[in-house]
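Using this note's numbering, the letters of the sequence shown correspond one by one to residues 2 to 102.
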Amino acid sequence: MFDEIICSIVAEPNLVLQYFLAKRRRSNASIKQIYADRTKYGEFHTLFNQLLEDEVSFFQYMRMPKETFFYILNKIAPSLAKKKRNIQHISLEERLMVTLR
């Protein structure tokens, strides 16, 4: 019985490929929705602008003053910069904030 199943899978490689492609397509829809909502509900997009307005809150959250954060950002920005593509990229400020946090 097991040998017959293995033989049928080996004899029909397109069947296995179709299975994995179909499985992959189903999972992408929910992942894309999560990324689409990132700008609306994400921590960086909801919190960072509020932190910039309040020096004390920014220091408590990032453990450094705003000036230091932007100094570090300016120093490492050329190495972090990526080519613009059709996909939505993560801003340099967000990448640094996540790294430091």
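All C-beta atoms, glycine included, are put in the ideal place defined by N, C-alpha and C. For clarity, every value in this text was computed on a predicted model and none was experimentally measured.
Query - residue 20 to residue 76 span [Cα, whole Å] - result: The alpha-carbon atoms of residue 20 and residue 76 are separated by roughly 47 Å.
Query raised in the report: Between which two residues does the alpha helix (DSSP H) carrying residue 80 extend?
Result: Residue range 67-81 is occupied by the alpha helix (DSSP H) that includes residue 80.
Query raised in the report: Which residues in the same chain have their Cβ closer than 6 Å to the Cβ of residue 62, if we skip the five residues on either side of it in sequence?
Result: Within the same chain, residue 62 has close Cβ partners 52.
**Report entry** 9 Å Cβ cutoff met for residue 48 and residue 70
**Finding:** It is not a contact, given that the beta carbons lie outside the stated cut-off.
Report task. Closer than 6 Å by C-beta to residue 72: which residues in its own chain qualify, once you throw out the five before and the five after it? Chain order, please. Result -> The answer is none, since no qualifying residue turns up.
Query raised in the report: What are the boundary residues of the alpha helix (DSSP H) that includes residue 46?
Result: Where residue 46 is concerned, the enclosing alpha helix (DSSP H) starts and stops at 44-54.
Requested in this report: Leaving out five residues on either side along the sequence, give the residues of the same chain with a beta carbon under 6 Å from the beta carbon of residue 67.
Outcome: Cβ-Cβ distances below 6 Å link residue 67 to 59 in the same chain, with the five nearest sequence neighbours on each side left out; the list follows chain order.
Query raised in the report: DSSP state of residue 64, grouped into three classes?
Result: Looking at residue 64 - three-state DSSP - the assignment turns out to be coil, as it is neither helix nor strand.
Requested in this report: Measure from the alpha carbon of residue 93 to the alpha carbon of each residue in 34, 45 and 37, then state which is nearest.
Outcome: For the residues 34, 45 and 37, the minimum Cα distance to residue 93 belongs to 45.
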